[in-house]
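I have placed the structure first, in the form of structure tokens, so that the comments after it can refer back to it.
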Amino acid sequence: MSHILSVLVFFPALAGLLGFIVKKESIRAYGITVAAIEFVLSLWLWFSFDGSNGGFQFIELIPLIPNFGVNYYLGVDGISLFIVILSTFITLIGLISLTIENNLKNLIVSILFLEMTMVGVFVSLDAVLFYIFWELSLVPMLYIIGYWGSELRIYASIKFFLYTFTGSLIMLVGMLYLAYSYYLATGTISFAITDWHRLILPYDIQIWLFVAFFIGLAIKVPMFPFHTWLPYAHGQAPTIGSVILAAVLLKMGTYGFVRLSLPIFPDASVAAILPVAILSLIMIIYTAMVAYAQEDIKQVIAYSSISHMGVIVLGTFAMNVEGIAGSIFLMISHGIVSGALFMLVGNIYDRRHTKLIKEFGGLASVMPKYATIFGIMLMASVGLPLTIGFVGEFLSLLGFYKVSPTITLLAGTSIILGAVYMLRVYKESFFGPLTNEKNRKLSDLNAKELTSLVPLVLVVIWLGVYPKPVLEPIDTSVKNLVQLMEKKAITKEAKELLSSNREELEAK
Amino acid sequence: MITLSHYLVLSAILFCIGLVGILRRKNLLMLFFATEMLLNAVNIGFAAISKYYMDLTGQLFAFFIIAIAASEVAVGLGLLIIWYKRVGSIDLDTMQSMHG
Amino acid sequence: MEKYLYLALFSPLVGSLFAAIFGAQPKKLITGIVASALLFVSLFSSLYLLGYVTSTGNSIHVKLFDWISVGGLNIPFGFVVDQVSVIMMVTVTTVSALVHVYSIGYMKYDEGFNRFFSYLSAFVFSMMILVMSDNFAGLFIGWEGVGLCSWLLVGFWYKKPDVTRDINPSISPSWAANEAFIMNRIADLGMLIGIFLIYWNTGSLQYNVVFKDVSALNIGLVSLIGIFLFIGAMGKSAQFPLHTWLADAMEGPTPVSALIHAATMVTAGVYLVIRANPIYSSIPDVGLLIATIGAFVAVFAASMALVNQDLKRIIAYSTLSQLGYMFVAAGLGAYWIALFHLMTHAFFKALLFLGAGNVMHAMDDELNIFKMGGLAKTMKWTAIMMIIASLALAGIYPFAGFFSKDKILEVAFDSEHYLLWFMLWLGAGMTAFYSFRLVMLVFFGEERYKKYGFHPHEAYWYMLLAMLPLAILAIISGFFEESFEHFVTMLLPEYHFHVHGITVVALIGITTLIALSGIGLAVYKYSRGGFSEKWKDTFVYKLLINQYYIPIIYEKFFSKPYAELSRIAWKELDLRVVDATVDFIANVIYKTGFKGRVVQSGNLSKMLKWMVIGLITLLVLAIVYSPVR
């Protein structure tokens, strides 16, 4: 299995193509089987992964255009490993929970294709390959929102596509210039991200390139003020689309910060801490407020996603092991929790064909299982200890406290405001007397829904109580990353910040 | 004495007449004539410069252009006749099916 | 020994999970019995551990496994049983076990019987984590865990609709639950910041490491740590200004109020200050601040209890007031006295609440004490036990409250904070008054309930039996003062009194005097029909009955503006500005294309014109910019 990563990337797409000849009745089972095999493969990747090695593993390198340094270059480290597993896991769970009947075959093929692009982004070590997967991921998503979405689907899908596409084009320009700078510095051209990691760029070039990458990544995250495509996309997308969008696609942006921005432009990143932190702060507080005002459950969760992504970005820009590792863990936990929440909203939407909070009330008495699972996910979302949500949020804030206590204090309001909007939704829809007659006959979760949700609940509690198996490889790789940054740093501020972190680490 | 300049001036005058023809005429047939004038203006230039530099390449090009012009007229006139039979007019303003 | 530690810790969890299996099913008596039995297992293990720690003087320290280990941060699931935590364990499990038994009767006809026991045992588990943890992160786990269980249990009767404040000041159980959770979250942020400060300055969150290193830090930093941790404590222990949730939390079932909102969870803040005594000992100024807030709350809460007509709210305010007393002791450095009062208070306050539960049962969940009266005839045992609890609360010799509360007053006097002493002294008088006002109105005098058609009855025998140990403890636990002091001061700093002899006797006399006069006044007034109706029109009465208008102020100045601001942020800012800008840019591009498309007229001669123009422009440019002239 030396080509495990290639298999992981291309298996779902090839199997998806084969899906076209599968009979209509069995396409669901086929899709789930493929996703399950893919998930098992990713688990196998985890078990054969060497947690004590912080570098890239399972490397595959085939030159594609040697003259321009473009290679088919794959590899995985502790940072990307768990996001890959998250992608395969969420795809599997999403497929299990699928309730759409209309043109199911195309939907399943699109999702499998999307899975290829997601895994591809996280295991690519070549910028061109990375960019190809990055852009390809838009296509199936565009199709999913545009075809299976609700009324405003065309507007939402085009907005999603154009907005993120614009951002990534700017990033592409940055990549090309970066390859050119690499050529100027070394005499050979290379698009390998690992080569770029070793490249030391002058400070002013770093700033420009950082900005170019930042725009592309920030739109994907999405950071304030580039976030407005997200509520539309979530509002219109079918459940499966929202689940994958929130759980995995958004993580591409924050993953990009960790994989590209930080190690390639350490000095510019350090210089950008304050502006980025302020943007994150606005994201956290402002979108939490907006979430509170929403009338639609799904929109609340969509805006809460933005708010949580703010904490992730903050943790990433803490520039110390605690913060970065925390933010990566938070990516995974947010993926699980927001995915589960969107699925739960989907369950109620399937029953009532509405997502408006005022239509509900007293659901806990007719749907106790549903209310329980929603409650668990809610608590994970507000970051209760011993659920998955706490570990990442705690570490991210802890990490950033080193950089700026004031900003951390303000960002910490996310634990208050998060509770405010989530508890409001929970109270309005689940507590109180059953006021709406239409809700009286609602059935509780059925076997299919439980099969998709219970694994998520188990993961939420397992990783909340015992996050070590995930945190350990992340920790090792992040330590490598921080060391690399320290070695590369050229400005005084960056050097001071990064070396003080190392000294503190060694002292402990 | 007729120098190179005389030829070039003639070529330029012819070219300008052709250009004006292209811009002003609305009849497709007249447009063809004007195009022919442009091509021949260039031909004069080529021939004159070829003589001046004692380099045959210019005259070679002139021949090429004559050949191309001939074939162009042949194809173009054919299309034009078909068009006239279909529509009954070869006025340029009636041909706007590519309107944006 | 570790076996007993794990037994004490995990029995409640097992009970909770067992009850949770039947969570959605109709009542099964077995869940209540199993959960209670497991609580007794936990109680006996705790007692065994207490015996062990007393006899050997050693503490037990175990590490289950690593929880979070990243960078320089290493947080294990570590538990410690030392003099302080074992006292807390015994207190918590005693009250919990008895409340569990009591609840079997109290919740007998409730459809959520199984669910209730699941939550209640989960609470005990969280509380055990809170008190047994050997590091601040573990404490925080328990801290949030009890918050969650409190949310679940306050909102236990979630089906009740929201009503206005005039009908029910707590609006609805689910509203009160959310309020409690959010208020606590505000405080938790403070605590988190405190934890961050500790981590970045000492590099660890383990108690032993932190307390060792804290002396080396500069005083400003330690003060900051102390203040932030205390903010956390203020939320859990409902100190001003985060106090409003506690009275509203009375919407939960009464056993919950007894266990969570009187005996255990609300004292977690006091426990934190006691546990972090090496931090607070080095910053007496912050300690004084804590003591001042405590003394203020002691009087402030007692004053609200004076006029309230709601049986449970009166007791809730009294809890608030007693927590203030504990903070005075802890703030002034008398940690062992704070812990002692915490323990005795847990016994008699739980007893008081359980008695109130009996009354509520008898009165079909009626809470207005003015609709009761003369209940002592039908509910003899409840009346006796509530009088015992009230005497203990009022601080009358030889009941438990006398020993612990008097000590706190002594400390306040001894440390020369006479104003604090005076406030506490005043508070003692008020406490005695409102306790006996309640007793008089509920158990004696005219039988007003007959007017409203109630048919009171005594509670089940096993509910009374569950209260009995608490009643006994409320009477005798004060006599353990000396051995208690000796035991806990092995870990906690001792408090050295400067005043001796006659002053102490005089102080005790004065305090007892005001307590007795409070009782006397209450008995005298309410045996003659209470105060006149005119009293209700006075400003003071209105202020007190409306809780100093603080809930209304919070609503007007915090919740409403926040909701409005959120709406503006969404409708005006997000949709009208941010998103509109994006759409504007898109529209500009789109419209430019729309306008520009006329160029493509499809007219050949126009195109040729454009071609010529282009050609000429290019020619001109070529000539102008040609390098060779």
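Chains Z, W and H supply the protein sequences, listed in that same order. Residue numbers for the first sequence follow this note's numbering, so the first one is 916 and each next one is one higher. Residue numbers for the second sequence follow this note's numbering, so the first one is 9 and each next one is one higher. Residue numbers for the third sequence follow this note's numbering, so the first one is 17 and each next one is one higher. Just so it is clear, CB atoms sit at the ideal spot from N, CA and C, and this is done for glycine as well. Please read these numbers as outputs of a predicted model, since none were measured by experiment.
Through-space distance from residue j to residue i, alpha-carbon basis
i, j, result
"Ile1364 of chain Z", "Ile1011 of chain Z", "A small fix is needed here, since residue 1364 of chain Z is Glu in this sequence, not Ile. Approximately 8 Å, taken between the alpha carbons."
"Ser52 of chain H", "Ala284 of chain H", "23 Å"
"Tyr1264 of chain Z", "Ile1085 of chain Z", "38 Å"
"Leu1044 of chain Z", "Val1297 of chain Z", "36 Å"
"Leu88 of chain W", "Leu39 of chain W", "11 Å"
"Ala1094 of chain Z", "Gln1121 of chain Z", "13 Å"
"Phe34 of chain H", "Phe460 of chain H", "43 Å"
"Ala362 of chain H", "Thr107 of chain H", "7 Å"
"Ser1347 of chain Z", "Glu267 of chain H", "Per the sequence shown, the amino acid found at residue 1347 of chain Z is Gly instead of Ser. Going by the C-alpha atoms only, they are around 14 Å apart."
"Ala1334 of chain Z", "Ala1133 of chain Z", "26 Å"
"Ile353 of chain H", "Phe449 of chain H", "24 Å"
"Thr280 of chain H", "Tyr333 of chain H", "16 Å"
Coarse secondary structure for residue i, derived from DSSP in three states
i, result
"Asn986 of chain Z", "strand"
"Lys79 of chain H", "strand"
"Val539 of chain H", "helix"
"Phe973 of chain Z", "strand"
"Ala1404 of chain Z", "coil"
"Val226 of chain H", "helix"
"Ser112 of chain H", "helix"
"Ser86 of chain H", "Looking at the sequence provided, one finds Val at residue 86 of chain H rather than Ser. DSSP places Val86 of chain H in strand when its eight states are reduced to three."
"Ile1008 of chain Z", "helix"
"Leu442 of chain H", "helix"
"Ile980 of chain Z", "strand"
"Gly310 of chain H", "helix"
"Ile91 of chain H", "strand"
"Leu3 of chain H", "With chain H covering only 17 through 645, there is no way to say anything about residue 3 of chain H."
"Val644 of chain H", "coil"
Burial state of residue i, where buried means 16 or more other Cβ atoms lie within 10 Å
i, result
"Ser71 of chain H", "exposed"
"Trp1377 of chain Z", "exposed"
"Trp626 of chain H", "exposed"
"Ala1240 of chain Z", "buried"
"Asp381 of chain H", "exposed"
"Asp1211 of chain Z", "buried"
"Pro1055 of chain Z", "buried"
"Val1375 of chain Z", "buried"
"Cys24 of chain W", "exposed"
"Met9 of chain W", "exposed"
"Phe246 of chain H", "buried"
"Met1424 of chain Z", "Nothing about residue 1424 of chain Z can be reported from this structure: the residues present for chain Z run from 916 to 1423 only."
"Val102 of chain H", "buried"
"Ile551 of chain H", "As written in the sequence, residue 551 of chain H is Trp, which differs from the Ile given in the question. Result: exposed."
Residue i - partner residues in DSSP beta bridges
i, result
"Asn293 of chain H", "Asn293 of chain H pairs with nothing; no bridge assigned."
"Asp1041 of chain Z", "Z:Ala1107"
"Leu1271 of chain Z", "Z:Asp1211"
"Asn151 of chain H", "H:Gln222"
"Asp99 of chain W", "W:Asn35"
- Check distances from the C-beta atoms of the region 1184 to 1211 of chain Z to those of chain H and list, in chain order, the residues that come in under 9 Å. Under the 9 Å Cβ criterion, the region 1184 to 1211 of chain Z contributes Tyr1201, Thr1202, Ala1203, Met1204, Val1205, Ala1206, Tyr1207, Ala1208, Gln1209.
- Interface positions of the region 1333 to 1360 of chain Z facing chain H (Cβ-Cβ less than 7 Å), listed along the chain: Of all residues in the region 1333 to 1360 of chain Z, only Ala1334, Val1335, Leu1338, Lys1342, Phe1346, Gly1347, Pro1348 place a beta-carbon less than 7 Å from a beta-carbon of chain H.
- Item | chain W contacts from the region 601 to 628 of chain H (Cβ-Cβ distance under 8 Å) | Listed in sequence order: Arg613, Val614, Val615, Gln616, Ser617, Gly618, Asn619, Leu620, Ser621, Leu624, Lys625, Val628.
- Just by C-beta distance, which residues in the region 1294 to 1307 of chain Z are closer than 9 Å to chain H? Taking 9 Å as the upper bound on Cβ-Cβ separation, chain H lies near residues Met1294, Val1297, Gly1298, Leu1299, Pro1300, Leu1301, Phe1305, Val1306 of the region 1294 to 1307 of chain Z.
- Item | Interface positions of the region 20 to 37 of chain W facing chain H (Cβ-Cβ less than 9 Å), listed along the chain | Hits within the stretch, in order: Leu27, Ile30, Leu31, Arg32, Arg33, Lys34, Leu36.
- Quick one, which residues of the region 1212 to 1237 of chain Z are near chain H if we go by CB-CB under 7 Å, in chain order? So the close ones are Asn1235, Val1236, Glu1237.
- Item | the region 64 to 98 of chain W: positions lying closer than 8 Å to chain H by Cβ | Among the residues of the region 64 to 98 of chain W, none has a Cβ less than 8 Å away from any Cβ of chain H.
- Message: Output needed in chain order: residues of the region 1408 to 1423 of chain Z with a Cβ under 9 Å from some Cβ in chain H.
- Response: Residues of the region 1408 to 1423 of chain Z with a C-beta less than 9 Å from any C-beta of chain H: Asn1416, Glu1419, Leu1420, Glu1421, Ala1422, Lys1423, listed in chain order.
- Item | Contact residues within the region 37 to 52 of chain W, judged by C-beta distance below 7 Å to chain H | Sequence-ordered contacts of the region 37 to 52 of chain W with chain H are nonexistent [C-beta pairs closer than 7 Å].
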